[in-house]
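First the structure, in the form of structure tokens, and then the observations on it.
4 protein chains.
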Amino acid sequence: MKNEETGRKKQKGEKTKRKLFNTAVRLFNQYDFGEVTVDRIVEAAGVAKGTFYIYFESKDALIAAFLLDYVNRVDTDYRATLDSFPPDTNASQILLSLISKIADTLTGTIGCQSMRTVYKLQLADTMDMSAVKGYDRELYGMFADLLERGIERGEFSPILPLNELTRHFVVAIRGLSYEWCIRYPDFDLKAQALSHFQILLDGIKSN
Amino acid sequence: MKNEETGRKKQKGEKTKRKLFNTAVRLFNQYDFGEVTVDRIVEAAGVAKGTFYIYFESKDALIAAFLLDYVNRVDTDYRATLDSFPPDTNASQILLSLISKIADTLTGTIGCQSMRTVYKLQLADTMDMSAVKGYDRELYGMFADLLERGIERGEFSPILPLNELTRHFVVAIRGLSYEWCIRYPDFDLKAQALSHFQILLDGIKSN
Amino acid sequence: MKNEETGRKKQKGEKTKRKLFNTAVRLFNQYDFGEVTVDRIVEAAGVAKGTFYIYFESKDALIAAFLLDYVNRVDTDYRATLDSFPPDTNASQILLSLISKIADTLTGTIGCQSMRTVYKLQLADTMDMSAVKGYDRELYGMFADLLERGIERGEFSPILPLNELTRHFVVAIRGLSYEWCIRYPDFDLKAQALSHFQILLDGIKSN
Amino acid sequence: MKNEETGRKKQKGEKTKRKLFNTAVRLFNQYDFGEVTVDRIVEAAGVAKGTFYIYFESKDALIAAFLLDYVNRVDTDYRATLDSFPPDTNASQILLSLISKIADTLTGTIGCQSMRTVYKLQLADTMDMSAVKGYDRELYGMFADLLERGIERGEFSPILPLNELTRHFVVAIRGLSYEWCIRYPDFDLKAQALSHFQILLDGIKSN
DNA sequence: GATGAATGAGTTTTCATTCAT
DNA sequence: TATGAATGAAAACTCATTCAT
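Protein chains in written order, with the numbering used here: chain A, 1 to 207; chain B, 1 to 207; chain C, 1 to 207; chain D, 1 to 207.
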């Protein structure tokens, strides 16, 4: 009896927390962090202000949770894309597909405002960015795998060490995303990214 | 006598304004814009709050002045570098020199924190960024000139239209600068930039 | 249980709002609008500054509420007076009764300081005076009705058009109220008003 | 030598004071008292801020001086009007002429904004209004003289004591002026005043 | 007599957080 | 678990006044 009761309460609590969280995400994707006040969140979620502090230690804690979630969603997507290729596919081709997938995800799923938020946070470093840092590691890992495969297959010239090469690719994707953010909506991320990476691939291919 | 007096007062005023400005710059390079309050600035500068508003119409006006100053310092530097080359120098070579110069300026003159500030502002776009926009145009112009020259001289393959090519280069330098900001001090901007642009140049050179 | 709780909270909130409002009214009746700061209000009411902004959007909103309240109190009173007369009563008589009622209300219910406030606001016209404007319209309407009736009944000479006549009466009541405000407490509003309107009525009566 | 020098300095000082004063008057006629800051005055007058405090003890002192000046200018005007009539002229006629003159002065010389200022000040009574009070006494005196003459000549019925009658006339002129202020520019002061006083005169004339 | 740089108390408003119920 | 009233520190900005030169 007690347990059942407790269980039901927990469930209800979870639901409230999720409602709060989803509302916050929606607002974060529309407005600046500073603009999204706790007041606005609770009002939009239809709960009392005090309730917010039952589920989140602070506004900052909510933001951290938001970032973690965002990273998780993205990561899975990319991995799936990679896994869908036969093991012997041309590395350049896979890489361009991955770029294409990333562009789609940023444009479609994540949205420009969320990216702005992430970038700003990264620059502010007033907060625990471990989630995003972890995501960077993942992205780095994927690029590294692909480039390594390309070198092994003789597609790419081995002039630069793998880790340096990888870093250049990461820099490029970040530069493109940033540009997209600040030029939005006058910057076609996918087209630009594909063209950009084509140049990079041409620059490292074995002649 | 009168004029002397007036002159001395003006000088004193200028000094106070400069003190305020420099203090603000120092703080902007250390903290987030939102964190740098007028109160903190005046306290650090050792003047009264009212004094701030004699010299700056608002906090935003101060930030605008800060940006303008930053842009001015940079621009002159770059142009000088370009002008120092004989007219028939190899375009790739000039471009790499320019990149080198930019890296030096960012690293030495501007500093990582100022760049962070600029990037954050650009992402926030809650403010008049015309100064920085103007700077972007300048940078774009310089890259475009160099690439055009390279195409004319037959160094670069004319596959992509000039403006697209230029955009890729701007994206790249911005990506590198951004990476430098968030990885600081673990990212050697100059070395990475030269290596990165070497790849890009390889990617567009006429075979 | 839940509802009870909510109700009790709402009640408490209402009480605080009323406390704030009444305190403000008291201060408005003692000091100039500019002199009554939010700080003074909350201090006198014994609540925190933030609390003020829970119940009033701004200082201006509070003032608007204050005016609306004042107007509402008055209007009802006058209409009731008018309705209490049999339809065929002498217009002069009703008019003098209305004047008498107005004097009583101003003297007893509203108070001299509130009127000062209203007049000052009207002169400043830096604010939305629609509430008071509406009240003026009402007063004008009542006078117009009475005068029209008087003309129809042959009590008043029809030399002047109705709307002009009405305007003169409104001017008179306002002049009297104003005088009362600035001469307070050395001006017997009721006696003066009755005497004044007697002259006006004598001035327009059919010989 | 010394005296000459001193004299010249004094003259220059007077000139500066007058410049300051006239500038202030111009601003007071255009803007609210609160809106006219010392800064604006000295800027418009083209003198330094400190200079203001050489000639006026405070902003309030300046306002007091402004009022005194205003009253003086007006008073002389009215007296002249009165004196221009032959001693045996009809009292009603003189009174209407005086009203007409007052309307002209308010409309032409004083201006609506100045009157607003005076009325607001009168309501605020946060300041020394002795100047204006004195003016009221003058106006009262003039009305009293005229009404007394009218009663003596048998023009007006002696039902009311002289001082009460006078008060009614003062109230009326003030009510009209106030109305003009708040209805400006939709209120023809002169026409309305003449019509209004005609009614009053009709109301008190011996049948 | 004139200057104008400097002052600082005071104003309105915001918002993350607490806590009694 | 949920509420929402209450808090108060902090923000940007204003302006009458002072004083050294």
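Cβ coordinates follow ideal geometry from the N, Cα and C atoms, glycine included.
Sequence-distant Cβ neighbours of VAL170 of chain D in its own chain, meaning closer than 8 Å and more than five residues away, are ASP136, LEU139, TYR140, PHE143. DSSP, read as helix, strand or coil, puts PHE156 of chain D in strand. According to DSSP, LYS205 of chain A shares a beta bridge with A:PHE156.
With respect to ILE199 of chain D, ILE94 of chain C sits apart: the two C-beta atoms are not nearer than 8 Å.
In this structure GLY175 of chain A touches LEU176 of chain B by the C-beta definition: roughly 7 Å separates them, less than 8 Å. When the alpha-carbon of ARG116 of chain A is set against those of B:LEU123, B:GLN192, B:ILE110, the nearest one is in B:LEU123. Contact annotation for ILE182 of chain D against chain C: GLN122, LEU123 [CB-CB distance below 7 Å, chain order]. If you check each beta-carbon in the stretch 158-178 of chain B against every beta-carbon of chain A, the ones closer than 9 Å belong to LEU160, GLU164, LEU165, ARG167, HIS168, VAL170, VAL171, ALA172, ILE173, ARG174, GLY175, LEU176, SER177, TYR178. Comparing alpha carbon positions, the residue from A:ARG18, A:ALA64, A:LEU27 closest to SER130 of chain A is A:ALA64.
Listed by position along chain C, the residues whose Cβ is nearer than 7 Å to that of ARG116 of chain D are LEU123. A residue is called buried once 16 or more other Cβ atoms fall within 10 Å of its Cβ, and LYS120 of chain C is buried on that count. Leaving aside the five residues that flank PRO158 of chain D on each side, the residues in its chain whose CB is nearer than 7 Å to its CB run, in chain order, ILE151.
Straight-line spacing of the CA atoms in GLU148 of chain A and ASN207 of chain A works out to 17 Å.
In this model, LYS19 of chain D and ASN72 of chain C are separated by some 48 Å (Cα to Cα). For LEU62 of chain A, the enclosing alpha helix (DSSP H) starts and ends at 59-83. C-alpha of CYS112 of chain D to C-alpha of ASN29 of chain D: approximately 8 Å in a straight line. Contact of ASP186 of chain B with chain A is not assigned, every C-beta pair being separated by 8 Å or more. In the three-state reduction of the DSSP assignment, ALA44 of chain B falls in the helix class. For the options D:VAL25, D:ALA172, D:LYS15, D:LYS10, the alpha carbon positioned closest to that of VAL118 of chain D is the one of D:VAL25.
About 5 Å separates the Cβ atoms of ILE99 of chain B and ALA193 of chain B, confirming a contact at the 8 Å cut-off. Contact of ASP39 of chain A with chain B by beta-carbon distance below 9 Å is absent, the smallest such distance being about 18 Å.
GLU164 of chain C sits exposed, since fewer than 16 C-beta atoms from the chains shown fall within 10 Å of its C-beta. Here THR166 of chain C is buried: its Cβ has 16 or more other Cβ atoms, across all protein chains shown, within 10 Å.
Here the alpha carbon of THR109 of chain C sits roughly 41 Å from the alpha carbon of GLU57 of chain D. Those residues of the stretch 57-77 of chain C placed with their C-beta closer than 7 Å to a C-beta in chain D do not exist. At a cut-off of 8 Å between beta-carbon atoms, LEU200 of chain B makes contact with chain A.
Excluding its 5 nearest sequence neighbours in each direction, LEU201 of chain A has C-beta neighbours in its own chain below 6 Å: SER92, listed in chain order. Per DSSP, GLN93 of chain B is one residue of the alpha helix (DSSP H) stretching across 91-104. With a beta-carbon spacing of about 6 Å, SER114 of chain A and TYR70 of chain A fall inside the 8 Å limit used to define contacts. DSSP, reduced to helix, strand and coil, places GLY134 of chain C within a helical segment of the structure shown. By the C-beta density criterion, ILE173 of chain B is buried, having at least 16 other C-beta atoms within 10 angstroms. In the structure shown, ASN29 of chain A adopts coil according to DSSP, grouped into three states.
Annotated three-state conformation of GLY34 of chain D is coil, per DSSP. Taking 8 Å as the cut-off, the beta carbon of LEU27 of chain D is found closer than this to the beta carbon of VAL36 of chain D.
In chain order, ILE199, ASP202, GLY203 make up the part of chain A whose C-beta sits under 9 Å from the C-beta of ILE204 of chain B. Around GLY34 of chain C, the beta-carbon contacts reaching into chain D at under 7 Å are GLY34.
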